[in-house]
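Numbering (our numbering), first residue to last: 1 to 269. Cβ coordinates follow ideal geometry from the N, Cα and C atoms, glycine included. Here the structure is laid out as structure tokens; the discussion comes afterwards.
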Amino acid sequence: MEVLIFPDAQSLACKSADLVESQIKTFPDSVIGLATGSTPLGLYEELIRRHNENDLSFTGVKTFNLDEYVGIPANHPQSYRTFMDDNFFCKINIDSSNTQVPNGMAENPLDVGPAYEKMIEKAGGIDLQVLGVGTDGHIGFNEPTSSLGSMTRVKTLTKQTIEDNSRFFKPDEFQPKLAITMGIKTILDARRILLLALGENKAEAVKDMIEGPLSSMCPASALQLHQRTTILLDEPAASKLSLKGYYKFVGEMQDDLVRKHRPSDWISR
Ligand code: F6R
């Protein structure tokens, strides 16, 4: 795991956009896995800016979102499809047929996962997966005790996740308790992973993910098994790491080495 610590959300967003941009520029037909939530919004804003000002193009890119609620239609204001359209897809030049979000309104939600896996496989697999992390250590909607070998499927959300996300629903509105999510194995199959975390409320989960034991109690700790994962943190999210000074030292030591010998080291394929 590569751990990068940034002074603020803006510099983190710029660095993550640099990484996504070089992936797309090197392989214009890249397959990118995407997350919703508040964390990647800065990344999406920065990519939109680069699209508008620097002609960064998404015409060949295919995307697969991590997850979607079960039981609300795609055009619901709180669906993850609406979130992605409003915050990203409608503001760049991507063909909507190249953007996939699991169908939360399928007649049989249990069929959605295997079909989604086939679509990912047919697209050639995910080159770069963008992730956030939940306060309970979830990635996608893989809640604690999710199988580390899991594939896309229906999951029941924990009380904590339902509470964390209740801010997006009106008090009297139906709030889904089930979601369809890529599994942990689906995520680990991505060639390159970028996980972003902002804020002190993520500090405990971040510590467990990076320094805790590999355990389904912190699903994000499964990323310890992945060869090419970069974790981008702001200072508050990094505040509980015991080896914080070491990660900064590694960054300083390796920056020059990588820049000199493997300038595009982080790009997948
Ligand atoms: C969203 C997703 C979730 C979020 C996580 C953090 O598609 O898969 O795992 O990344 O819940 O959410 P925020 O960024 O809102 O704190």
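Point to revise | Boundaries of the alpha helix (DSSP H) in which T82 is found, first to last residue | key: 80 to 87
Point to revise | Own chain partners of E117 with C-beta closer than 6 Å, once the 5 adjacent residues on each side are dropped | key: M151, T152
Review point. If we ignore side chains and look at the alpha-carbon of each, how far apart do V3 and D95 end up?
Key: 33 Å
Review point. Where does Q227 sit, in a helix, a strand or coil, going by DSSP?
Key: Correct three-state label for Q227: coil.
Review point. Is the distance from the Cβ of I72 to the Cβ of P7 below 9 Å?
Key: No. Outside cutoff.
Check your understanding: Ordered along the chain, which non-local residues of its own chain (more than five positions away) have a Cβ less than 6 Å from that of I217?
Key -> It is Met, not Ile, that sits at residue 217 in the sequence shown. Excluding positions up to five away in sequence, the list reads P144.
Point to revise | alpha helix (DSSP H) runs contained entirely in the region 1 to 45, provided each spans 4 or more residues | key: 9 to 26
Review point. Hey, is the region 249 to 262 in contact with the region 219 to 227, meaning 3+ C-beta pairs nearer than 8 Å?
Key: no
Point to revise | Coil, strand or helix - S166 by DSSP | key: helix
Check your understanding: Nearest-angstrom Cα distance between D29 and Q100?
Key -> 15 Å
Review point. Any C-beta of chain C sitting closer than 9 Å to the C-beta of V258?
Key: In the structure shown, chain C does not exist; there is a single protein chain.
Check your understanding: For S166, which residues from the same chain have a beta carbon less than 7 Å from its beta carbon, with the 5 sequence-adjacent residues on both sides left out?
Key -> Q175
Review point. R191 by DSSP, collapsed to three states: which one?
Key: Reduced to three states, the DSSP call for R191 is coil.
Exercise for review: Please find out if some non-hydrogen atom of ligand 1 comes closer than 8 Å to the beta-carbon of Y80.
Suggested key: yes
**Study point:** Buried versus exposed call for Q10 [16 or more other C-beta atoms within 10 Å across all chains shown]
**Key:** exposed
**Study point:** Buried or exposed by the 16-neighbour rule on C-beta atoms within 10 Å, applied to F168
**Key:** Exposed, because fewer than 16 other Cβ atoms sit within 10 Å of the Cβ of F168.
Review point. By Cβ distance below 6 Å, which residues in the same chain neighbour I193 in space, the five residues on each side in sequence not counted?
Key: Q129, H226, T229
**Study point:** Spatially closest choice to L241 from V258, T63, E211, L19, by CA coordinates
**Key:** E211
Review point. What are the residues that DSSP puts in a beta bridge with L196?
Key: L232
Review point. Which residues in the same chain as E68 place their Cβ atom closer than 6 Å to its Cβ, once the five residues preceding and following it in sequence are excluded?
Key: Y80, V101, P102, G104, I180
**Study point:** Whole-angstrom distance between I92 and N52, CA atom to CA atom
**Key:** Per the coordinates, the alpha-carbon of N52 lies some 8 Å from the alpha-carbon of I92.
**Study point:** Distance CB(G140)-CB(G199) smaller than 9 Å
**Key:** no
Review point. Nearest to A13 by CA position, among G33, K25, M1, S38, is which residue?
Key: S38
Review point. Buried or exposed: M119, going by 16 or more other Cβ atoms within 10 Å of its Cβ?
Key: exposed
Practice item. With D276 as the anchor, note down where its alpha helix (DSSP H) starts and where it stops. Key: In the structure as shown, the chain begins at 1 and stops at 269. Residue 276 is therefore absent and cannot be evaluated.
Practice item. May I have the straight-line CA-CA distance separating G134 from L41, to the nearest angstrom? Key: 15 Å
Review point. Who does S215 pair with in a DSSP beta bridge?
Key: C218
**Study point:** Beta-carbon proximity list for D208, same chain, < 7 Å, skipping 5 on both sides
**Key:** In chain order, G137, C218, S221 place their CB closer than 7 Å to the CB of D208, counting only its own chain and leaving out the 5 sequence neighbours on each side.
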